[in-house]
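Please read the structure below before turning to the comments.
Protein chains in written order, with our numbering: chain A, 67 to 368; chain B, 64 to 291.
Below is the structure:
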């Protein structure tokens, strides 16, 4: 391809946007609306997934040991467990720590009652490991492994919580996949319709180009450039809008609803937009590209 | 230059548009193709531009059989044929200069050549002062001159004109015909499809008459009369 031809296509594509202001506006607005919906959904799902993940990570399996098992042996078991892939953290709670926790929970303000147990730890056999998981669905297999270890007296787990969380997680993945698919279909349908109208208006121009010897590439290229630029603009507008909205909404909730703010840990805008920006741009430019290439095909048979 | 051998064209609906047409147009000729509406003149032009393929027979242009030209080679083939239409087919959102330059840009001509060639064409068609005007600011005759300049800017060997005076008044029609004659005198083969019998009679060129898809007469230069 000659450099002149390439430059011509790019320049014409950009000029076409100005020449067909109404069509360009309609396409960019449609694209913006679709990507805004997608972005909004993405932000909600990311936060939701983040919160579920956080909840998952707080679900611990507690491993208690046989009475009299030396602490070194407990720690050796802990070291082995920590090496497992599904384990994110493994915290040792000694009998002393366990007693301190009990004192904090039950004897706060009545320290004299706790003092009665001085030198005689009532939870002497409570040294244990709290094991946190990367993936809560792996809980039952980890429990089976732990129960099979020598020196392990009992394993406490919150099966209901783990199952609920994994079911919830699965539900989120299905629902998000479904909604993303629907949004994509709607976006492609709306955008290809808008592109079709835009191209139909310029059928004459395409026919003239073909009759004076323009190659299919040269006829198509300006439309494709146009589609991609519109896609880029159509992605940039909702991204800016979503960024501003997200920052403000999170700040508003944290300020005005302290209770909710402390319960919900919002994902930072940097984390969300780090992945949302490339996805949205790829989506906008991709739909612009595919939509224009697809729609112009039938007009090239001159 | 243009040879048609036993060319027939039937549309998919079964409508025959051309039936066993044989033609031979030499390089540098000026030929009128006349006939009533629906006689097959426009089909003939479409076949010569390879917009359509014949149902039967072969067409050879510039030494190439059109049936052997692949789809991706069509643009290159069309660059050797200039084409002018009754409705001018100019790009309404571009000025005169850009409409002519457009034909060079689509074939990837360098800007330096476009800057040199477009003013030459504007002078030839007498529109140099109006190079910044848009089509709607021009008369029909002027628009057709722009279309002719666009058709010739890439120096094609053949110029096909499909009813070039159909939308023009008498004065403008004659201006256009004079321009086409001048172009022909410089060596370009000119094929004009027309209804305007007055022009045909006065210009005394070769006249091919098409009726119901068949060539019914082929009068040599100066031989055409009403009875044909």
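Ideal Cβ positions, reconstructed from N, Cα and C, are used throughout, including at glycine.
- Terminal residues of the alpha helix (DSSP H) in which residue 34 of chain A lies: Lying outside 67 to 368, the shown extent of chain A, residue 34 of chain A is not represented and no answer is given.
- Task: Kindly list, in the order they appear in chain A, the residues whose Cβ is closer than 7 Å to that of residue 169 of chain B.
- Result: 275, 278, 279, 280, 284
Using the beta-carbon count (16 or more within 10 Å), is residue 136 of chain B buried or exposed?
exposed
Quick one: using the 10 Å Cβ neighbour count with 16 as the cut-off for buried, is residue 323 of chain A buried or exposed? exposed
- Quick one: give me the first and last residue of the alpha helix (DSSP H) that residue 304 of chain A is part of. 282–322
Exercise. Kindly list, in the order they appear in chain A, the residues whose Cβ is closer than 7 Å to that of residue 292 of chain B.
Key: Nothing about residue 292 of chain B can be read from this structure; chain B reaches only from 64 to 291.
query: Just the Cα atoms here: how many angstroms apart are residue 302 of chain A and residue 104 of chain A?
result: 13 Å
Does residue 197 of chain B get closer than 9 Å to chain A when you measure Cβ to Cβ? no
(message) Is the beta carbon of residue 70 of chain B closer than 9 Å to that of residue 81 of chain B?
(response) yes
Exercise for review: Give the secondary structure of residue 194 of chain B by DSSP, where H, G and I count as helix, E and B as strand, and everything else as coil.
Suggested key: coil
| query | Name the DSSP bridge partner or partners of residue 269 of chain B? | reply | B:94
- Task: In angstroms with no decimal places, state the Cα-to-Cα distance between residue 262 of chain B and residue 237 of chain B.
- Result: 8 Å
key: Strand pairing of residue 148 of chain B, partner residues [DSSP]   = B:225
Might you give, ordered along the chain, the residues of its own chain that have their beta carbon closer than 8 Å to the beta carbon of residue 166 of chain B, omitting 5 neighbours on each side?
-> 213, 214, 216, 217
- Message: Going by C-alpha to C-alpha distance, which of A:70, A:127, A:269, A:171 sits closest to residue 206 of chain A?
- Response: A:127
Option nearest residue 94 of chain A by Cα separation, candidates A:351, A:360, A:106 | A:351
- Task: For the alpha helix (DSSP H) holding residue 175 of chain A, just list the boundary residues, first then last.
- Result: Run containing residue 175 of chain A: none; DSSP gives neither H nor E here.
In three-state terms, what does DSSP make of residue 382 of chain A? The structure shown does not extend to residue 382 of chain A, since chain A spans only 67 to 368, so no value can be given for it.
Problem - Cα-Cα separation between residue 79 of chain A and residue 104 of chain B, rounded to whole angstroms - result: 36 Å
If we count the other Cβ atoms within 10 Å of its Cβ and call it buried at 16 or more, is residue 337 of chain A buried or exposed? exposed
### Rounded C-alpha distance that separates residue 221 of chain B from residue 115 of chain B
18 Å
Of all Cβ atoms in chain A, is any one closer than 9 Å to the Cβ of residue 85 of chain B? no
Open item on the list: If you reduce the DSSP assignment to three classes, tell me which class residue 275 of chain B lands in.
Closed with: coil
Can you tell me whether residue 247 of chain B is helix, strand or coil according to DSSP? helix
Q.
My output table needs one value for residue 219 of chain A: the three-state DSSP class, helix, strand or coil.
A. strand
Cβ pair residue 140 of chain A, residue 195 of chain A closer than 9 Å: yes
**Prompt:** Counting only beta-carbon atoms, is residue 270 of chain A nearer than 9 Å to chain B?
**Reply:** yes
Counting beta carbon pairs with one atom in the segment 173–185 of chain B and one in the segment 113–132 of chain B, are three or more of them shorter than 8 Å? no
- [ ] Please report the residue range of the alpha helix (DSSP H) in which residue 103 of chain A lies.
- [x] 87–124
Compute the beta-carbon to beta-carbon distance between residue 203 of chain A and residue 224 of chain A, rounded to the nearest angstrom, for a pair I have assumed lies under 8 Å.
Contact doesn't hold; Cβ gap of about 14 Å is too wide.
Between residue 96 of chain B and residue 113 of chain B, how many whole angstroms is the CB-CB distance? I'm expecting something under 8 Å.
With a Cβ gap of about 17 Å, residue 96 of chain B and residue 113 of chain B do not count as contacting.
- Item | Cβ shell of residue 111 of chain A (< 6 Å), same chain only, five flanking positions each side left out | 242
Check your understanding: How about residue 141 of chain B and residue 279 of chain A: are their beta carbons less than 9 Å apart?
Key -> yes
(request) Starting from the beta carbon of residue 53 of chain A, find every residue of chain B whose beta carbon is closer than 7 Å, and list them in chain order. (result) In the structure displayed, chain A extends from 67 to 368; residue 53 of chain A sits before or after that span and is not available.
Could you work out which residues of chain C lie near residue 115 of chain A, taking near to mean beta carbons separated by less than 7 Å?
No chain C is part of this structure, whose protein chains are labelled A and B.
>> With distance defined between alpha-carbon atoms, name the residue in A:330, A:81, A:143 nearest to residue 218 of chain A.
In response: A:143
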